[in-house]
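Structure, as structure tokens:
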DNA sequence: CAACAATATAGTAATATTTGAATGTTTTTA
DNA sequence: TAAAAACATTCAAATATTACTATATTGTTG
């Protein structure tokens with residue numbers, strides 16, 4: 009795999025690598041949302057939401073649809089949700105192995 | 009989904025969001041590799057490889073095994089490869105739709 | 001033990017990303 | 001047409017990441 013491809017893929021992952029952007033994508037699972045709806049759902053201010061949406065657009069992760077002054081955002085490729093599901097699974101497994109480790113440590117050094 | 013969780017997940021994606029780290033992970037698909045092997049495979053220098061490996065360790069994506077002075081790195085959870093496969097698929101689809109777009113544009117404005 | 005090999009870490013300048021406040025743009029409506 | 005609503009963009013300061021160079025650390029071998 010050549011360097012250029014890895015650079016593009018790294019960009020793709022960078023686009024995902026932000027808490028607000030991940031939260032936005034989670035909310036888009038249930039269908040398109042307006043900027044205002046996202047703003048409310050996230051409890052974030054307009055500028056923040058709009059900025060992170062711009063980043064998602066730049067990464068081609070979302071599409072938009074305009075209706076009057078309202079802009080609706082939707083996921084471009086639903087496979088992104090599959091990706092997030094796999095990530096969640098990896099994440100859960102990590103938590104479980106951390107727990108196992110903690111349990112082991114606490115058994116080795118029992119409380120007085 | 010609460011903010012803290014999204015922060016952790018963002019960290020996870022950040023760990024993936026670097027060309028050298030992605031290349032390292034690709035090479036680990038075929039099994040454990042020593043730092044030196046990776047260095048050769050990537051054509052990168054020692055410090056770069058070791059640094060990015062440190063980042064992968066910090067993100068709990070890899071495990072290590074030491075044999076003499078040689079350290080072997082391996083993937084911690086093979087599900088990461090599944091994740092990379094899904095990412096690749098998303099990536100390919102994007103390329104295809106870009107191509108379609110380009111073709112469309114070139115039809116609309118035919119070359120002289 | 002001295003020299004070497006393999007890997008890790010530190011330090012730092014360059015670069016990129018994020019945050020927050022302020023300002024623009026577009027569309028609708030009174 | 002002026003005001004309001006809904007978004008988008010800009011700008012600068014604060015943070016975080018990267019790339020490089022140099023230096024440590026650890027284990028092996030003559």
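Residue numbers (our numbering), protein chains in the order written: chain A, 9 to 120; chain B, 9 to 120.
The beta carbon of each residue, even a glycine, is placed where N, CA and C say it ideally should be.
| Query | Result |
| --- | --- |
| For residue 84 of chain A, report the span of its alpha helix (DSSP H) as first-last. | No alpha helix (DSSP H) contains residue 84 of chain A, which DSSP labels as neither H nor E. |
| Which of the three DSSP states, helix, strand or coil, is assigned to residue 7 of chain A? | Shown here, chain A extends from 9 to 120; a query on residue 7 of chain A therefore has no answer. |
| Tell me residue 75 of chain A's beta-bridge partners as DSSP assigns them. | A:78 |
| Please name the residue, chosen from A:90, A:74 and A:21, that lies closest to residue 40 of chain A on a Cα-to-Cα basis. | A:74 |
| How many Å lie between residue 28 of chain B and residue 77 of chain A at the Cα? | 43 Å |
| Suppose contacts are defined by Cβ-Cβ distances below 8 Å. Is residue 80 of chain A in contact with residue 55 of chain A by that definition? | no |
| Under a CB-based cut-off of 8 Å, is residue 45 of chain A close to chain B? | no |
| Residue 131 of chain A and residue 14 of chain B: beta carbons closer than 8 Å? | Shown here, chain A extends from 9 to 120; a query on residue 131 of chain A therefore has no answer. |
| Chain B partners of residue 115 of chain A, CB-CB under 9 Å? | None at all; the shortest Cβ gap to chain B is about 22 Å. |
| Using the beta-carbon of each residue, which ones in chain A are nearer than 8 Å to residue 85 of chain B? | 98, 101 and 102 |
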